[in-house]
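J.:
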Amino acid sequence: METYQCIDVHQAQQRLAQGAVMVDIRDAQSFALGHANGALHLSNNNLNDFISSTDTSLPVLVMCYHGNSSKSAADYLHAQGFTTAYSIDGGFDAWRAAFPQQVTSGAE
Numbered sequence: 001m002e003t004y005q006c007i008d009v010h011q012a013q014q015r016l017a018q019g020a021v022m023v024d025i026r027d028a029q030s031f032a033l034g035h036a037n038g039a040l041h042l043s044n045n046n047l048n049d050f051i052s053s054t055d056t057s058l059p060v061l062v063m064c065y066h067g068n069s070s071k072s073a074a075d076y077l078h079a080q081g082f083t084t085a086y087s088i089d090g091g092f093d094a095w096r097a098a099f100p101q102q103v104t105s106g107a108e
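Residues 1 to 108 (the UniProt record's numbering) make up the sequence shown, in order.
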């Protein structure tokens, strides 16, 4: 059984609109320069808090730079109890190219 699924940015946008949680695992400076609207910055510093405070029945969308690092993060979140985890193909670069109007600057 797959632990996570790879989806494109359009599928990710649909799942986000349906109530999925999006996390961005890029470094803090990159996140502050721009991230998908509604994305939460996830780092080693807040990972345990995120896991303990988030409803694991909600789908979790994992975004990184290009869609590579997000695979292992999605796999890890699934192993921590998230029933549905997605890695976003193309990462933030693909999101920004497809949805430039859905990018926020500044730390959240």
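Here a beta-carbon is modelled for each residue, glycine too, at the ideal position from N, C-alpha and C.
Between the segment 49-59 and the segment 87-99, do at least 3 Cβ pairs fall closer than 8 Å?
T.: Verdict: no, contact absent.
J.: From residue 48 to residue 8, what distance separates their C-alpha atoms?
T.: Those two C-alpha atoms are separated by around 27 Å.
J.: Spatial neighbours of residue 42 within its chain, please: C-beta separation below 7 Å, excluding the five flanking residues on both sides.
T.: 23, 24, 25, 50, listed in sequence order.
J.: Please give the ranges of any alpha helix (DSSP H) in the segment 2-44, keeping only runs that are unbroken, at least 4 residues long and fully inside the region.
T.: Runs of the alpha helix (DSSP H) inside the segment 2-44: 9-17, 28-33.
J.: Would you please state the rounded distance, in angstroms, between the beta carbons of residue 63 and residue 70? I believe it to be under 8 Å.
T.: 6 Å between Cβ atoms; contact.
J.: For the beta strand (DSSP E) containing residue 61, list its first residue and its last residue.
T.: Per DSSP, residue 61 belongs to the beta strand (DSSP E) from 60-63.
J.: With DSSP as the reference, please indicate the residues paired to residue 87 in a beta bridge.
T.: Paired residue(s): 6, 62.
J.: Does the distance from the C-beta atom of residue 104 to that of residue 45 stay below 8 Å?
T.: Against a cut-off of 8 Å, the Cβ pair of residue 45 and residue 104 comes out as no contact.
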